[in-house]
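Chains as they are written, first to last, in the working numbering: chain B, 2 to 252; chain Z, 2 to 252.
There are 2 protein chains.
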Amino acid sequence: MLSDERRSLILDRLGTQGRVLAADLTAELDVSADTIRRDLRELDDAGLLRRVHGGALPRHGDASPFASRERRAPEAKASIARRAAEIVREGQVVVLDGGTTTLELARALADDLRASVITTSPPIAIALAAHPGLEVTVVGGVLRPDALVTVGAAAVEALRLIRADVVFLGVCGLHPEIGVTTEDLEERHVKAAMIAGAAEVVALADHDKLGTAMPVVVAPITAVTQLVTDADADEAALAPYLALGIEVLRA
Amino acid sequence: MLSDERRSLILDRLGTQGRVLAADLTAELDVSADTIRRDLRELDDAGLLRRVHGGALPRHGDASPFASRERRAPEAKASIARRAAEIVREGQVVVLDGGTTTLELARALADDLRASVITTSPPIAIALAAHPGLEVTVVGGVLRPDALVTVGAAAVEALRLIRADVVFLGVCGLHPEIGVTTEDLEERHVKAAMIAGAAEVVALADHDKLGTAMPVVVAPITAVTQLVTDADADEAALAPYLALGIEVLRA
DNA sequence: CCGGTTCATGCACAAACACGCATAAACCTG
DNA sequence: CAGGTTTATGCGTGTTTGTGCATGAACCGG
């Protein structure tokens with residue numbers, strides 16, 4: 002058994018069963034517990050799973066995606082959201098992607114801000130409805146049940162008409178060479194349409210998303226003009242983005 | 002059971018039931034009360050729930066959208082919604098107007114129903130996202146902050162393309178001569194577009210809306226094919242609709 | 001105010017873990 | 001092909017983490 006095979010098998014197992022136990026893997030793959038631990042640690046470093054005491058869990062999805070995702074690193078998300086909210090200026094046309102971080106961003110917008118917000122996310126639309134100074138536009142389309150965003154041809158077509166001042170992307174993965182990535186092909190097209198019509202593209206990514214990649218490429222990293230991340234991101238991880246001329250904001 | 006899984010489960014439970022009891026968790030998760038207490042304490046520290054004596058509650062005293070209206074005559078609305086949900090048949094294309102009654106209707110749809118639902122209401126879209134058998138389409142447009150529905154040219158245009166089997170209208174006023182009426186001109190155009198493309202038009206109106214009229218006329222009463230109202234509606238108020246050939250369902 | 005319940009703290013123990021090192025295989029490289 | 005280097009693995013050692021139990025304090029309903 003090659004080590005790469007073993008790791009693939011671990012990821013397979015994780016995908017089908019939703020979790021793996023280190024002890025089980027030790028027994029079934031007939032290697033020492035150390036080796037399994039090493040595998041799990043490196044897969045975690047690569048962003049392919051989430052290491053926990055006793056085993057590992059999928060990095061992004063457990064049972065109820067949106068609700069449970071909201072609780073991952075909430076303070077990091079909140080600080081990123083607050084910092085990102087400062088980017089928005091009076092009178093701008095703002096496009097908001099779906100996701101928990103962008104939802105926090107919506108909530109963090111200043112109460113006296115006047116602007117126009119366009120979003121594919123029903124939860125964001127509802128959160129902003131109470132805001133006195135915003136005109137909120139919902140992008141129509143087929144609803145993706147887990148991510149709670151609209152997708153499909155109608156959404157892409159509607160976004161194609163928009164010339165936004167700034168778009169905020171809640172990215173799933175951000176890699177200096179691979180670029181902005183996501184899990185879902187439909188969502189990819191929507192995000193790409195958002196980017197295409199925007200003057201500024203702000204990526205919101207907490208530090209453990211930096212250097213990771215998801216299956217679907219949304220856009221090259223050069224499409225991003227600003228990156229907002231949390232204080233735990235280290236210099237080394239940020240250097241490649243700075244070198245590419247991307248403005249990096251640490252909350 | 003990994004400890005992380007256990008905590009996720011606790012948060013899930015909290016999300017669905019609105020509260021958790023420490024004693025229940027001890028029994029169901031088969032760990033000691035100490036462990037549960039530790040979990041709850043740490044989840045509280047992380048800001049993910051609010052610890053109280055005997056269990057835990059959601060941290061945000063859940064502010065549900067348009068909460069004030071939702072509690073007006075809730076039992077009448079709920080019974081109308083349940084009755085109306087029975088109208089929907091397998092495989093149909095259903096258009097749902099916004100409003101609290103239609104939101105109840107969405108929640109009342111049978112779990113095993115397979116259908117396509119199109120709505121202008123973000124809250125309805127979110128409520129239906131968890132439903133396994135439905136394809137949910139959101140009609141895009143400018144969000145009306147108080148009613149939480151999309152309006153405007155984009156919404157009308159999108160609805161013009163739809164040939165629905167049945168549309169459910171949460172009406173503001175229903176009068177045998179004046180017809181279906183509402184308060185808002187923008188909403189009127191959206192409702193009219195819904196009606197234009199639908200084979201059946203079901204009006205949901207509790208008994209005190211019968212015989213009343215609002216400033217803006219949506220459609221003549223003949224556009225309505227079915228009327229669902231509550232048990233308190235009296236024969237005299239319903240007679241005119243029956244005389245016009247409208248099928249009347251009393252919940 | 002009182003009895004039962006729930007809670008926090010300290011402690012003990014086992015499982016899981018990280019780290020350093022040794023070994024052997026795989027792989028360059030001249 | 002010979003010698004050096006890298007890589008993967010397993011083992012020993014000490015540390016951390018998760019859990020359960022005991023004890024006393026805090027809470028609550030009657």
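Backbone N, C-alpha and C fix where the C-beta goes; we use that ideal spot for every residue, glycine too.
Check, Outcome
"What is the residue span of the beta strand (DSSP E) that Gln227(B) lies within?", "Gln227 to Thr230"
"To the nearest angstrom, report how far apart Ala194(Z) and Gly56(B) are at their CA atoms.", "54 Å"
"Sort Asp185(B), His132(B) and Tyr242(B) by Cα distance to Ala204(B) and report the nearest one.", "Tyr242(B)"
"Please confirm if Thr102(B) has its CB atom under 8 Å from at least one CB of chain Z.", "no"
"Rounding to the nearest angstrom, what Cα-Cα distance links Glu187(B) and Gly153(Z) in this structure?", "26 Å"
"Considering only the beta carbon of each residue, do Leu30(Z) and Met2(Z) sit closer than 8 Å?", "yes"
"Can you give me, in chain order, the residues of the stretch 133 to 148 of chain B that have a beta carbon less than 7 Å from any beta carbon in chain Z?", "Glu136, Val137, Thr138, Val139, Val140, Gly141, Gly142, Val143, Leu144 and Pro146"
"Under 7 Å Cβ-Cβ, which residues of chain Z neighbour Pro216(B)?", "Within chain Z, no residue comes near Pro216(B); the closest Cβ sits about 23 Å away, beyond 7 Å."
"Which word fits Leu12(Z), buried or exposed, when buried means at least 16 other C-beta atoms lie within 10 angstroms of its C-beta?", "buried"
"For the stretch 73 to 156 of chain Z, which segments carrying the alpha helix (DSSP H) assignment without a break, of at least 4 residues, lie completely within its bounds, in sequence order?", "75 to 86, 101 to 109 and 123 to 130"
"Quick one: what does DSSP say Leu50(Z) is sitting in, helix, strand or coil?", "coil"
"Run through chain Z and tell me which residues come within less than 9 Å of Val53(B), C-beta to C-beta.", "Leu3, Ser4, Asp5 and Glu6"
"Return yes when the Cβ of Glu158(B) is within less than 8 Å of the Cβ of Cys173(B), no when it is not.", "no"
"When you measure from the CB of Ile81(Z) to every non-hydrogen atom of the ligand SAM, does any distance come out below 7 Å?", "The ligand SAM is absent from the structure shown, which contains no ligand whatsoever."
"Which residues, in order along the stretch 176 to 192 of chain B, keep a beta-carbon less than 7 Å from a beta-carbon of chain Z?", "none"
"Which residues, in chain order, does the stretch 36 to 49 of chain Z contribute to contact with chain B at a C-beta distance below 9 Å?", "Leu44, Ala47, Gly48 and Leu49"
"Please identify the residue among Gly141(B), Arg145(B) and Ala148(B) whose C-alpha is closest to the C-alpha of Val150(Z).", "Gly141(B)"
"Could you work out which residue in Val143(Z), Ala116(Z), Asp147(Z) and Arg108(Z) is closest to Leu129(Z) when comparing CA atoms only?", "Arg108(Z)"
"Looking at Ala82(Z): is its Cβ nearer than 8 Å to the Cβ of Leu106(Z)?", "yes"
"How would you list, in chain order, the residues of chain B whose beta-carbon sits under 7 Å from the beta-carbon of Pro253(Z)?", "One cannot answer for residue 253(Z) here, as it falls past the ends of chain Z, which runs 2 to 252."
"If you draw a straight line from the C-alpha of Ala252(Z) to the C-alpha of Val217(Z), how long is it?", "28 Å"
"Quick test of your reading: Ala116(B) and Val95(B), contact by CB under 8 Å. State the CB separation rounded to the nearest angstrom.", "6 Å"
"Mind pulling the chain Z residues with CB within less than 8 Å of Thr27(B)?", "Going along chain Z, no residue has its Cβ under 8 Å from Thr27(B), so there is no contact; the nearest lies around 16 Å."
"If we count Cβ pairs, one from each stretch, closer than 8 Å, do we get three or more for the stretch 96 to 105 of chain B versus the stretch 16 to 27 of chain Z?", "no"
"Return the chain-ordered list of same chain residues with a C-beta closer than 6 Å to the C-beta of Ala77(B), the five sequence neighbours on each side being excluded.", "Asp207 and Asp231"
"Using the beta-carbon of each residue, which ones in chain B are nearer than 8 Å to Ala159(Z)?", "Gly141 and Ala155"
"Let me make sure I understand the geometry here. Which of Thr121(B), Val137(B), Ala148(B) and Ile127(B) has the alpha-carbon closest to that of Ala131(Z)?", "Ala148(B)"
"Can you confirm whether Ala220(Z), when its beta carbon is compared against all beta carbons of chain B, has any partner nearer than 8 Å?", "no"
"Please compile the residues from chain Z whose C-beta is within a distance smaller than 8 Å of the C-beta of Arg60(B).", "Those within 8 Å of Arg60(B) in chain Z number zero; the least Cβ separation is about 12 Å."
"Could you list which residues in chain B have their beta carbon closer than 7 Å to that of Ala130(Z), in chain order?", "Leu144, Pro146 and Leu149"
"Could you tell me whether any Cβ in chain Z is nearer than 8 Å to the Cβ of Arg20(B)?", "yes"
"Comparing C-alpha positions only, which one of Asp166(B), Gly212(B) and Val168(B) sits nearest to Pro177(B)?", "Gly212(B)"
"With 16 other CB atoms within 10 Å as the buried threshold, where does Arg189(Z) fall?", "buried"
"Verify the CB distance criterion: does Gly99(B) have a CB-CB separation below 8 Å to chain Z?", "no"
"Quick one: list the residues of chain Z neighbouring Glu105(B), beta-carbon separation under 9 Å, in chain order.", "What Glu105(B) touches in chain Z: nothing, since even the nearest Cβ is about 12 Å away."
"Closer than 8 Å, CB to CB, is Gly56(B) near chain Z or not?", "yes"
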